[in-house]
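In our numbering, the protein residues as written are -19 to 536.
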């Protein structure tokens, strides 16, 4: 077994884990990060894309509200290419308690969340699709964020500072000698090789899976997996984040993100973060709630449903999961459990990942005798290679008087038009060009789902109907010289279709059912996808970390 040595082993390739890896590396502390899937494979890649102002927490969780408000400003500065400055409305509908508006404003001011009341007429001028029966409107600095791109930017910066980032490496054992954790044994899921990683400290940043990792060290971390279901609609009917002005509940927020609008979210306890489903009543409930914000909401096409699992840390009994604070906590298992060499960072929000990393690394650095200060709040993150073309400088701007490096809705189209690249489109829905997909493959994307997370291929209204086979061909072209066989690519296509199918099944009615039928005709009737299984290699190839590919799509 190969053995490597480092100062800190970070477990988890989401926002918090990569944020910790960057902070460690910037301070000159050697670190290795392992993630069982691709970056953002877990909760980071399965949320609604909101950059929190803190408004949702000002009443029930004021500490989280203040943390979000402060980090909101920092993230806008260090990752502008990942943030769209949508602003945010908290609105009182006829179904809400109008008196809560004054409570909301007072609590915003108490927690440091910027807020101002605007007129309903101004709201309707800016967002004419909203319900004209809304009685009060409060504006806060919410925004939408691309968590996939942000995590890749953080990981890229970490690598540039010397961090070792290893995706598709699954922790199979923590090495404990007496009362100290000395490292871990991980398995490379692409070739089944095992590696021993010796370290001074293990940092458990596995999110909803933190309890499972902690159990390997013989300690208990009570993480409550809270399933949050979301639905992406095929039209971006608002350009502003819209929240119901009430205590957080199900189906009370709409987030415009790239080409779609996402409504969410539920909060349902699940016993295992790897095992959960999406129930029809969840979808129907959110569409009904959407009607209260946008009349006619149900008439739009529900594009896809998915769920993420919140890593809620529970250290005391509460009435419901909604009552568990969204703050984070660093657990020192030496002080807490008598087991040294391991920390767990639990709870928190995507918006507060950088602060979580700073406080965690402050403690680890102190233990290692490192006195370097944290600099992650001041250094702007790099743009990954596969996004250079998407974020190149163009002369077109939605507001010429306010030149800004932040993402804006028309930017991808402006870039394609300026480069005359319409003929190079692989994914028309998300305006993804051939060179961006090739750059993602060359940057390390192992399969079609990795490419999707990198450049949003297959995430638009057709859900991959037109771009999967084109992208698969590029994957083979770029990797065949390195030993990628056609059977591996066949397996990748089957897996990708099955993963897309999971998100389609809860919303198969009306126009979305027609779209799924069209995709079925393309892949079954024209391309003969049902015959690829005979040429795939079950149990091998690039997607072996996933369960066996099911047959529902082929049989549909």
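We treat Cβ as the ideally placed atom computed from N, Cα and C, and that holds for glycine.
Residue 84 carries a helical assignment under DSSP once its states are collapsed to helix, strand and coil. Cα atoms of residue 264 and residue 489: separation of roughly 12 Å, rounded to the nearest angstrom. Excluding its 5 nearest sequence neighbours in each direction, residue 360 has C-beta neighbours in its own chain below 7 Å: 58, listed in chain order.
Counting along the chain, the unbroken beta strand (DSSP E) around residue 293 starts and ends at 282 to 293.
If you draw a 10 Å sphere on the C-beta of residue 462, you find fewer than 16 other C-beta atoms in it, and that means exposed.
Looking only at 164, 231, 144, the smallest Cα-Cα distance to residue 151 is reached by 164. Taking the C-beta atoms as reference points, residue 122 is found no nearer than 8 Å to residue 46. Going by beta carbons, residue -12 and residue 11 fall inside the 8 Å limit. Judged by DSSP in its simplified three-state form, residue 139 adopts helix. The C-beta distance from residue 55 to residue 334 rounds to 7 Å, short enough to fall under 8 Å.
With 16 or more neighbouring CB atoms inside 10 Å of its own CB, residue 209 falls in the buried class. Take the alpha-carbon of residue 394 and the one of residue 419: they are about 20 Å apart.
A Cβ-Cβ distance of about 17 Å is found for the pair residue 132 and residue 392, leaving them out of contact under the 8 Å criterion. Residue 460 counts as exposed, since fewer than 16 other beta carbons sit within 10 angstroms of its beta carbon. Counting along the chain, residue 14 sits inside the beta strand (DSSP E) bounded by residues 11 to 15.
Residue 395 is not bridged by DSSP to any residue. Annotation for residue 356: -1, 2, 3, 6, 58, 334, 337, 338 place their beta carbon closer than 8 Å to its own, counting only its chain and skipping 5 residues before and after. Per DSSP, the continuous alpha helix (DSSP H) segment holding residue 51 begins and ends at 42 to 58. If you draw a straight line from the Cα of residue 427 to the Cα of residue 185, it comes to about 24 Å. For residue 274, the secondary structure class from DSSP, reduced to helix, strand or coil, is coil. Under DSSP, residue 387 forms a beta bridge with 64. With a threshold of 16 other beta carbon atoms within 10 Å, residue 495 meets it and is buried.
Taking all protein chains in view, the Cβ of residue 511 is surrounded by fewer than 16 other Cβ atoms within 10 Å, so the residue is classified as exposed. Runs of the beta strand (DSSP E) lying entirely within the segment 202 to 226 and spanning at least 3 residues, in chain order: 203 to 213, 221 to 224. For residue 158, the closest alpha carbon among the candidates 399, 321, 213, 195 is that of 321. If you draw a straight line from the Cα of residue 76 to the Cα of residue 83, it comes to about 13 Å. Selection 251, 255, 311, 242 evaluated against residue 277 yields 242 as nearest (Cα-Cα). One Cα belongs to residue 206, the other to residue 250, and the distance between them is close to 6 Å. Residue 433 counts as buried, since no fewer than 16 other beta carbons sit within 10 angstroms of its beta carbon. Around the CB of residue 498, fewer than 16 other CB atoms lie within 10 Å, so the residue is classed as exposed. Using a C-beta cut-off of 8 Å, the segment 338 to 354 makes no contact with the segment 213 to 227, since fewer than three inter-stretch Cβ pairs fall below that distance. Taking the C-beta atoms as reference points, residue 118 is found nearer than 8 Å to residue 81. Residue 387 and residue 62 have their C-alpha atoms some 6 Å from each other. Counting along the chain, the unbroken alpha helix (DSSP H) around residue 342 starts and ends at 333 to 348. Counting along the chain, residue 243 sits inside the beta strand (DSSP E) bounded by residues 240 to 244. DSSP places residue 2 in the helix class (H, G or I) of the three-state scheme.
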